[in-house]
Amino acid sequence: QAQMAQIGPRVMRDHMPDQHREFFGLLPFVVMGSVDDQGQPWASVLAGAPGFMHSPDPTHLHIRAHALPHDPLQHTLHEGAALGLLGMQPHTRRRNRMNGTAHLQDDGLVVEVGQSFGNCPKYIQAREPVWTPAAPAGRVLLQGPGLDGASRDLIRAADTFFIATAHPEAAADSEPSHGVDVSHRGGAPGFVKVEGQRLTVPDFPGNQFFNTLGNIAVQPLAGLLFMDFERGDRLYLAARASVVWDGAELAAFEGAQRLLRLEVTQVVHVQGGLPLRWGPAERSPHLASMGYWPSR
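Numbering-wise, the sequence shown is residues 21 to 316 according to my numbering.
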């Protein structure tokens, strides 16, 4: 708390600096966190040709895109919705964050900035996304309360996922600390352990903002997004979240400071339909000192 009281005012802004405004305009996708009527956070993706996001002034970001078919954002996005945004350029390992409020437009939405801040490049796998507008709409493979074999396989192969969390007052309060957050997690393939409907993820040393863990401490819900970078599939998960601070399981994963445990409660697995194609991945050098789950 003392550290963030000192650092926070320097890195958390109520506007986007010019560097961030220009950065969002370069991207072909953005990850967005939102909350449904039951208070469940969801992580979503919006995509478009570079330039589909534009900042007309430091306190607004215009996004000319609509929710992809079968994305939870189709149901969670409304006028005045609290949103968390993550802009990421994986091949340069740059990422910037923004939280704000949605104002709907015919061509998409405008997000009014509540908080804007940068993030360190740790654990980002360098792969270049390219906008591919001819991608098919995609079809739902699974929609229900639990994971199946195909969705577990996608998770086990993943080296990246995105996680949305929210303060319990996010939908009804404009307090800066009561918003929606969406963040990135990266690791070697297999870093997400899958056991039935439970996922366990090592939490590596980061920028110590603790946006995700702070939200989980007051509302133990999370929304996850996995993307299959080869096939264009999307896997949306809702989960109950908790943090493991000690014990044998934590000690077994070298480099992990904590474990994030996620009990899956809802699944939407969409085959295809992501209008992006991705170049080959270069693993983050920060993962060289991190371990693996013990083989059984």
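Don't be surprised by glycine CBs; every beta carbon is placed ideally from N, CA and C.
Since we're looking at a predicted model, the values are computed, not measured.
Reduced DSSP category for residue i - H, G, I as helix; E, B as strand; rest coil
| i | result |
| --- | --- |
| S315 | coil |
| F72 | coil |
| P78 | coil |
| T180 | strand |
| H306 | helix |
| N119 | strand |
| I175 | helix |
| G234 | helix |
| H204 | strand |
| D223 | strand |
| G53 | strand |
| L270 | helix |
| A170 | helix |
| Q94 | helix |
| G199 | coil |
| E215 | strand |
| H289 | strand |
| V129 | Reading off the sequence, residue 129 comes out as Leu, not Val. Strand. |
| I27 | Any reading at I27 must be qualified, since the residue scores a pLDDT of 49, below 50, and its modelled position is unreliable; no value is offered. |
| G138 | strand |
| Q163 | strand |
| Q39 | helix |
| A192 | Here the model assigns A192 a pLDDT of 49, short of 50, so the residue's position is not dependable, and the following value carries that caveat. A192 falls in the coil class under three-state DSSP. |
Euclidean distance between Cα positions of residue i and residue j
| i | j | result |
| --- | --- | --- |
| G169 | T79 | 44 Å |
| T152 | R117 | 24 Å |
| I236 | I183 | 11 Å |
| F137 | V131 | 15 Å |
| L317 | A261 | Since the first and last residues shown for the chain are 21 and 316, residue 317 lies out of range. |
| Q39 | A308 | 30 Å |
| N147 | H95 | Before going further, note that residue 147 is Arg rather than Asn in the sequence given. Whole-angstrom Cα-Cα distance: 30 Å. |
| T112 | M36 | 20 Å |
| D127 | D34 | 25 Å |
| H98 | A63 | 15 Å |
| V284 | R218 | 6 Å |
| G275 | S203 | 20 Å |
| A208 | R303 | 8 Å |
| C140 | P305 | 13 Å |
| L129 | L81 | 8 Å |
| Q286 | M310 | 30 Å |
| K213 | A268 | 15 Å |
| Q58 | L244 | 16 Å |
Residue i, buried or exposed, once every other Cβ within 10 Å from all chains shown has been counted against 16
| i | result |
| --- | --- |
| R176 | exposed |
| L220 | Looking at the sequence itself, residue 220 is Thr, so the reference to Leu does not match. T220 comes out buried. |
| S171 | buried |
| P149 | buried |
| V51 | buried |
| P76 | exposed |
| A271 | exposed |
| T185 | buried |
| D266 | exposed |
| S315 | exposed |
| Q60 | buried |
| G164 | exposed |
| G216 | exposed |
| G154 | One detail in the question is off: residue 154 reads as Ala in this sequence, not Gly. It is exposed - the Cβ of A154 has fewer than 16 other Cβ atoms within 10 Å. |
| P156 | exposed |
| H90 | buried |
| V238 | exposed |
| R115 | buried |
| G166 | exposed |
| P110 | buried |
| A242 | buried |
| G100 | exposed |
Chain B within 8 Å of residue i, Cβ atoms only
| i | result |
| --- | --- |
| V51 | Judged by its chain identifiers, the structure shown contains no chain B, having just a single protein chain. |
CB of residue i within 8 Å of CB of residue j, strictly
| i | j | result |
| --- | --- | --- |
| A85 | L105 | no |
| G53 | V200 | yes |
| M108 | I83 | no |
| Q125 | M32 | no |
| P222 | F211 | yes |
| D248 | L174 | yes |
| G206 | T180 | yes |
| A87 | V55 | no |
| F273 | A178 | no |
| G68 | P92 | no |
| L294 | G252 | yes |
For the structure I just gave you, are there three or more beta carbon pairs, one from the region 297–307 and one from the region 65–80, closer than 8 Å? Because the criterion of three Cβ pairs below 8 Å is not met, the region 297–307 and the region 65–80 do not touch.
For the region 119–129 against the region 39–49, do three or more pairs of beta-carbon atoms, one drawn from each stretch, fall closer than 8 Å, so that the two count as touching? Not touching, per the Cβ criterion.
Give a yes or no on contact between the region 272–292 and the region 253–261, applying the rule of three or more CB pairs nearer than 8 Å. In short, these stretches touch, since the Cβ pair count reaches three.
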